[in-house]
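A short write-up of the structure that comes next.
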Amino acid sequence: MFELLGVPPQALMGQLLLGLINGAFYALLSLGLAVIFGLMNVINFTHGAQYMMGAFVAWMLLQYAGIPYWGALVLAPIIVGATGIVIERLLISRLYHLDHLYGLLLTFGLALIIEGLFRQQYGSSGLPYTNPIPGGQNLGFMFLPWYRGWVVAFSLAVCLVTWFTIERTKLGAYLRAATERPELVQAFGVNVPRMITLTYGVGVGLAALAGVLAAPIYTVNPTMGSNLIIVVFAVVVIGGMGSIAGSIVTGFGLGVVEGLTKVFWPEASATVIFVIMAIVLMVRPQGLFGTPR
Amino acid sequence: MAEALLQVRDLHGWYGESHILHGMSFEVARGEVVTLLGRNGAGKTTTMRAVMGMLPKRAGSVRFQGRELISLKSNQIARAGIAICPEERGIFASLSVRENLMLPPRVKDGGLEVEEIYRLFPNLRERSASQGTKLSGGEQQMLAIARILRTGAELLLLDEPTEGLAPVIVQQIGNTIRMLRQNGFTIVLVEQNFHFAATVADRHYVVEHGHVIDMIPNAALEANREKLKTYLGV
Chain A
1 MFELLGVPPQ ALMGQLLLGL INGAFYALLS LGLAVIFGLM NVINFTHGAQ YMMGAFVAWM
61 LLQYAGIPYW GALVLAPIIV GATGIVIERL LISRLYHLDH LYGLLLTFGL ALIIEGLFRQ
121 QYGSSGLPYT NPIPGGQNLG FMFLPWYRGW VVAFSLAVCL VTWFTIERTK LGAYLRAATE
181 RPELVQAFGV NVPRMITLTY GVGVGLAALA GVLAAPIYTV NPTMGSNLII VVFAVVVIGG
241 MGSIAGSIVT GFGLGVVEGL TKVFWPEASA TVIFVIMAIV LMVRPQGLFG TPR
Chain B
1 MAEALLQVRD LHGWYGESHI LHGMSFEVAR GEVVTLLGRN GAGKTTTMRA VMGMLPKRAG
61 SVRFQGRELI SLKSNQIARA GIAICPEERG IFASLSVREN LMLPPRVKDG GLEVEEIYRL
121 FPNLRERSAS QGTKLSGGEQ QMLAIARILR TGAELLLLDE PTEGLAPVIV QQIGNTIRML
181 RQNGFTIVLV EQNFHFAATV ADRHYVVEHG HVIDMIPNAA LEANREKLKT YLGV
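As given, the protein sequences belong to chains A and B, one line each in that order. FYI, UniProt numbering numbers position 74 of the first sequence as 74, with every residue one higher than the one before it. FYI, UniProt numbering numbers position 170 of the second sequence as 170, with every residue one higher than the one before it.
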């Protein structure tokens, strides 16, 4: 079997798969952030905590109600999305007339509160969640665990459905138009405040969906979101704030870049995304797929 | 005058602390084309936005088909059957021409079908896949008018539809407004160009300092030309 720069193919493909899995989470989370920022101009720092809530709700559904993974995949995003709707109506909606910074500070504070509550209740050592699709396939050059393959394929499908909805449907046209001129879209007869609330709920639901997908791979832990969210924000900045296609492409792409860096220069793997972010900010501040605001 | 479709009484409007409308009162009968004439800053556009519910604060009375609209939000006013074509056209850059055209939801039966709109404005069919803001100024104005014709709204608020356009396009917009009138639409038109207004309107309200100071029927426009010139400062 071939070697690349002295790296055996098993190691290369293994890291590539790991990169794709991380990329799937980056894409799903940054997609939710992009949807929320695009319409609401809110930088939703609570997103990591809402991802964590998705994983915890899946764990609770299994633990307390006996509802398995496949039920949680549907129910957890709905439940966590509903909490997002309450947060938007009660708190975030009061800040729309203020600078973006206030929304960021509010959602950052909420993230700390939510994380603190979960840590208080469940500790920080992490809770296990059973893999719903055990086993895998030896592909010759690597072993592909079924569940990890499912995460990549399902995340990609969700991303494409979200992209199609926003870019190719009437609902998506309302969302895009409301991003530009919300008061005019409302004057055409569309209930824009309700649309904003539902959009936030859907964005939060996407974070929770990523959390359910993550539960069998990582331990369900109150800090699992805060560990990930900084990288996801870097992905959003590189892709372009509010860009749907940018979130998907850079999410998967940067996951792979990170994975490959682990093979060729392991010490740099934790920082490579931030180095790319700094370069993109200097060369193209609106991001690779973004438009200047 | 025939039955009033729109009755505006003692309408006040504010932007923040600035009191812009000081008791606007006027009426528009069903099937009429009425203009609001006045100098820059007189309050014409603000009146349109106030009727449409797009001002942050307003008071007074706006009745449409006998129904009071003053406490309604703009989406509810649109659903009542009023549509606006804003001054700066409001074409969405992230939407194609066709998406811009199809954006406003149908609020009532009786709107024009897309095919009828494309017959009226053939350029829009040819460029339906283009980005909305890539159209010329005249085409964008056509699109801004065309998209509210689909909705079924009976009252159209057209804010300076001829602003910045070439004479040949202005003529085309004049033809469109006359056609709309023949089709039974009621129109309130904000204009600074009273030569254009005279070719399309039944009556003219002159606005100054946020209220109506005179009403001139189009038939009496010639006799009042000097007075109107003084009002408008031309």
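Every residue, glycine too, gets a C-beta built ideally from N, C-alpha and C. From a predicted model like this one, the values you see are computed outputs, not experimental measurements.
Boundaries of the beta strand (DSSP E) around residue 19 of chain B: 18-29.
Shown here, residue 226 of chain A sits in a helix according to DSSP, grouped into three states. By alpha-carbon distance to residue 148 of chain A, the top candidate from A:158, A:183, A:135, A:85 is A:135. The shortest C-alpha to C-alpha distance from residue 12 of chain A to any of A:151, A:156, A:141, A:72 is the one to A:141. Here residue 266 of chain A carries a helix assignment [DSSP, helix/strand/coil]. When DSSP states are grouped into helix, strand and coil, residue 64 of chain A belongs to the helix group. With 16 or more neighbouring CB atoms inside 10 Å of its own CB, residue 124 of chain B falls in the buried class. Straight across, the Cα-Cα distance linking residue 13 of chain B with residue 221 of chain B is about 29 Å. Think of a sphere of 9 Å around the beta carbon of residue 286 of chain A: no beta carbon from chain B falls inside it, the nearest being about 14 Å out. Your pair residue 204 of chain A and residue 32 of chain A checks out as a contact, with CB atoms roughly 7 Å apart and the cut at 8 Å.
The beta strand (DSSP E) runs lying completely inside the region 130-187 of chain A and spanning 3 residues or more are 136-138, 143-145, given in chain order.
Contact holds between the region 142-155 of chain B and the region 168-186 of chain B, because three or more Cβ pairs, one in each stretch, are under 8 Å apart. Between the C-alpha atoms of residue 166 of chain B and residue 138 of chain B there is a straight-line separation of about 8 Å. For residue 246 of chain A and residue 283 of chain A, the gap between their C-alpha atoms comes out near 16 Å.
By the Cβ-count criterion, residue 265 of chain A is exposed, with fewer than 16 other Cβ atoms from all chains shown falling within 10 Å of its own Cβ.
Among the residues of chain A, those whose CB is under 7 Å from the CB of residue 90 of chain B are 181, 184, following chain order.
Between residue 22 of chain B and residue 209 of chain B a beta carbon distance of about 6 Å is seen, short of the 8 Å cut, so the two are scored as contacting.
The C-beta of residue 95 of chain B comes closer than 8 Å to at least one C-beta of chain A. DSSP places residue 96 of chain B in the strand class (E or B) of the three-state scheme. Among the CB atoms of chain B, none fall inside 8 Å of the CB of residue 11 of chain A.
It is roughly 46 Å from the alpha-carbon of residue 237 of chain A to the alpha-carbon of residue 11 of chain B.
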